[in-house]
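Residue numbers (the UniProt record's numbering): 1 to 43. Glycine residues also receive a C-beta, built at the ideal position from the N, C-alpha and C atoms.
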């Protein structure tokens, strides 16, 4: 698009950049644990 002189709206660009960070542990995570079976998961 940039080659054609067009750009994505700012909100689309921001959402896309946040999407790319989703699920990457270096950007933060939460460890949750089931109280009954003690299974742990990273979110």
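Three-state secondary structure assigned by DSSP to residue i
| i | result |
| --- | --- |
| residue 27 | helix |
| residue 42 | strand |
Sub-8 Å separation of residue i and residue j beta-carbons
| i | j | result |
| --- | --- | --- |
| residue 31 | residue 18 | no |
| residue 29 | residue 42 | yes |
Close Cβ partners of residue i (< 7 Å) along its chain, the five nearest in sequence each way excluded
| i | result |
| --- | --- |
| residue 27 | 21 |
Residue i to residue j span [Cα, whole Å]
| i | j | result |
| --- | --- | --- |
| residue 38 | residue 25 | 21 Å |
| residue 8 | residue 33 | 40 Å |
| residue 23 | residue 4 | 33 Å |
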